[in-house]
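A.B. asks:
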Amino acid sequence: MAVLLSVEEVIERILDQLKPLPPETIPLDQALGRVLARPIVAPLDLPPFANSSVDGFAVRAADVSTASPEHPVELTVIADIPAGVFPHIPLSAGCAAQIMTGAPLPDGADAVVPVEHTNLSFQKVAHQPPSIVRIFTPVRPGDNIRPKGQDLTQGQLVFAAGHRLRPQDLGLLAALGMSKVEVHGRPRIALFSSGDELLPPGSPLTPGKIYDSNRLMLRVLIEQTGGEAVDLGIVADTLDAVHIVLNTAVEKRANLLLSSGGVSVGTYDHVRGLMEREGEVHLWRVNIRPGKPLLFGKYRGVPVLSLPGNPVSAFVGFLVFVRPAIYRMAGLPSAPVPVLKATLEHAVESDGRKSYLRAIVRHERGERLVRLAGHQGSGNLYGLVQANAILIVPAGVKSIAAGSEVEIWPLENFLGQ
Ligand code: AMP
Ligand code: MG
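Remember, my numbering sits 13 above the position in the sequence shown when you count from 1.
See the structure below:
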């Protein structure tokens with residue numbers, strides 16, 4: 014029997030064939046999930062000017078050092094500074110300026126007294142600023158002021174290249190006034206399901222047929238991973254149909270063609286047959302369970318990754334092989350997907366292949382415990398749905414004793430890293 018390739022070697026050989034996609038400049042509001050092609054340096058200070066962090070009165074701290082409710086300090090109100098207005102009058106001794114949260118501090122002021130610590134409340138002075146304010150508490154210089162550059166200073170490195178943009182990152186880039194960013198291209202993944210037995214959900218189920226579950230599952234996995242899916246539908250088990258879909262993927266300028274089904278040793282497994290005849294097969298069959306008959310190659314210059322048709326094999330194959338491939342093309346630095354450690358609740362038998370088993374993780378008294386989730390048949394998608402983790406059994410291991418420390422991938426939010 015031919016030696017199966019190890020999971021690690023297959024990942025390496027796939028990644029060797031893929032490069033980060035060239036940079037493109039896109040509007041910031043379309044950049045969620047995209048990966049920066051260049052580092053970002055702050056073009057300005059944040060905040061850009063010293064401003065008040067409360068609604069209150071800008072003062073000179075020295076003027077109010079003796080203030081108390083019994084002996085308030087009386088100051089002359091010389092200005093009203095709403096947010097968005099730059100004050101031009103400097104604040105001299107004995108004076109205060111009514112100031113709102115986010116409004117720039119006038120020259121001469123070095124602290125802000127919150128309105129609650131004065132004799133006024135802003136509701137009562139909606140239109141006319143008061144001429145006098147009584148201050149009840151002292152403040153130290155700097156109190157209730159957000160200094161210029163407190164958060165970020167101009168020229169500071171904000172993000173390294175290779176950073177994937179999250180919602181809060183977009184907020185920060187907007188705060189820095191940026192409306193465009195330079196990011197790596199989004200990987201275009203053409204996708205098809207292979208098999209004469211497959212019907213699209215929504216059509217009547219006829220004898221001998223099943224519904225195509227892989228295409229939708231893989232499409233949303235592609236999208237969640239940061240790729241763009243180009244859905245090429247269900248492809249019949251004929252050489253001609255497979256030929257046509259491979260050519261369509263090339264014409265649609267796919268960066269990767271992903272298929273499920275048709276790469277095993279069956280009579281009608283034409284994807285592999287066609288790839289052997291018309292394309293290049295770089296590797297086939299991996300020491301993995303589920304999902305041994307995986308194929309990677311190229312067709313007219315487009316990388317092709319064909320997963321086995323069994324839905325759980327396709328899902329695991331996606332996590333193990335396609336996810337790193339999409340990350341590489343998207344420009345993310347290649348690092349193995351982080352695993353968590355857990356304690357095995359019962360003994361597990363394996364067959365020596367690297368195994369990705371459906372499992373259930375729970376926490377008890379500060380310990381993370383894991384057990385297998387029901388039937389492990391690679392066609393049983395409901396078993397996968399009931400699992401909340403994948404238990405990874407290393408290659409060469411045939412049994413693991415109860416109580417051993419094992420590695421898992423949580424399935425909840427597993428793409429949110
Ligand atoms: P194959 O890899 O083509 O030999 O298919 C292996 C098993 O997976 C068979 O039982 C197929 O019917 C099933 N299968 C293949 N493709 C799909 C799909 N897209 N959705 C659900 N089951 C599939
Ligand atoms: Mg098939």
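Heads up, the beta-carbon is just placed ideally off N, CA and C, and yes, glycines get one too. A quick note: this is a predicted structure, and the numbers were derived from the prediction, not measured.
1) State the DSSP-derived secondary structure class of D42, mapped to helix, strand or coil.
2) Tell me which residues share the same chain as A360 and place their Cβ nearer than 7 Å to its Cβ, disregarding the 5 neighbours each side in the sequence.
3) Unbroken beta strand (DSSP E) runs of length 3 or more, entirely within the region 170-241: which are they?
4) Is any non-hydrogen atom of the ligand AMP found closer than 8 Å to the C-beta of A55, if you look at the structure I gave you?
5) Among the residues of its own chain, which have a CB less than 6 Å from the CB of S326, if the five just before and after it don't count?
6) Can you find the residues in the same chain that come closer than 7 Å, C-beta to C-beta, to D421, ignoring five residues on each side of it along the sequence?
7) Pull up the distance between the alpha-carbon of Y281 and that of L252, whole angstroms please.
8) Note down, one range per segment and in chain order, each alpha helix (DSSP H) of at least 4 residues found wholly within the region 334-403.
9) How about the region 217-233 and the region 180-199: do they share at least three Cβ pairs that are nearer than 8 Å?
10) Since L320 sits in a beta bridge, which residues does DSSP pair it with?
11) Using 8 Å as the cut-off, classify the Cβ of Y224 as near or not near the heavy atoms of the ligand MG, replying yes or no.
12) So A338 and L296 are supposed to be a Cβ contact under 8 Å. How far apart are they, rounded?
13) Roughly how many angstroms separate the alpha carbons of L385 and L370, rounded to a whole number?
14) Report buried or exposed for L79, applying the criterion of at least 16 other Cβ atoms within 10 angstroms of its Cβ.
15) Report whether the distance from the Cβ of P220 to the nearest heavy atom of the ligand AMP is below 8 Å.
16) So which of L287, S368, P35 and A55 has the shortest CA-CA distance to N48?
17) Taking the C-alpha atoms as reference points, what is the distance between I27 and I39?
18) Between the C-alpha atoms of P394 and L424, what's the straight-line distance to the nearest angstrom?
19) Nearest CA to the CA of P214: which residue from S207, I223 and R177?
20) Touch check for the region 60-67 and the region 113-126: three-plus C-beta pairs under 8 Å?
21) If V152 and A106 are in contact, beta carbons under 8 Å, what's the gap, nearest whole angstrom?
22) Below 8 Å, can you find three or more Cβ-Cβ pairs linking the region 203-210 to the region 53-60?
23) Can you tell me whether DSSP reads E418 as helix, strand or coil?
24) Here's a check: name, in chain order, each residue in its chain whose Cβ is nearer than 7 Å to the Cβ of R73, leaving out the five neighbours to either side.
25) Touch check for the region 304-316 and the region 257-271: three-plus C-beta pairs under 8 Å?
26) Would the C-beta of G208 count as close to the ligand MG, meaning under 8 Å from any of its heavy atoms?
27) Taking DSSP as the reference, what is the three-state secondary structure of V54?
28) Cβ of D182 versus every heavy atom of the ligand MG: is any distance shorter than 8 Å?
29) Run the CB neighbour count on L345, radius 10 Å, all protein chains shown included, and call it buried at 16 or more, exposed below.
30) Can you check whether the CB of K161 is closer than 9 Å to the CB of R201?
31) Which residue wins for smallest C-alpha separation from D76, given the options V126, E293, D364 and Q43?
32) Can you tell me which of the three DSSP states D164 falls into?
33) Excluding sequence positions up to five away, which residues of its chain have a Cβ less than 7 Å from the Cβ of R341?
34) Hey, how far is the Cα of G330 from the Cα of G175?
35) Return yes when the Cβ of V23 is within less than 9 Å of the Cβ of L332, no when it is not.
36) Are there any heavy atoms of the ligand AMP lying less than 8 Å away from the beta-carbon of G279, as far as the coordinates show?
C.D. replies: To lay it out plainly:
1) helix
2) S412, I413, A414 and A415
3) 170-172, 193-197 and 201-207
4) no
5) P303, G304 and S391
6) According to the sequence displayed, residue 421 carries Ile and not Asp. Closer than 7 Å at the Cβ level, and outside the excluded window around I421, lie V352, L353, A355, A372, V374, V383, A402, I403, L404 and I405.
7) 9 Å
8) 336-343 and 394-399
9) no
10) S273
11) no
12) The Cβ separation is near 13 Å, so there is no contact.
13) 7 Å
14) In the sequence as presented, Leu is not what sits at residue 79; that position holds Thr. Burial call: exposed.
15) no
16) For the record, residue 48 in the displayed sequence is Val; it is not Asn. Answer by Cα proximity: P35.
17) 28 Å
18) It is Leu, not Pro, that sits at residue 394 in the sequence shown. For L394 and L424, the distance between alpha carbons rounds to 14 Å.
19) I223
20) yes
21) Not quite, the Cβ-Cβ distance comes to about 15 Å (not below 8 Å), so this is no contact.
22) no
23) strand
24) L104, A106, G121, A122 and D123
25) yes
26) yes
27) strand
28) no
29) buried
30) no
31) V126
32) coil
33) L28, L31, P33 and S347
34) 25 Å
35) no
36) yes
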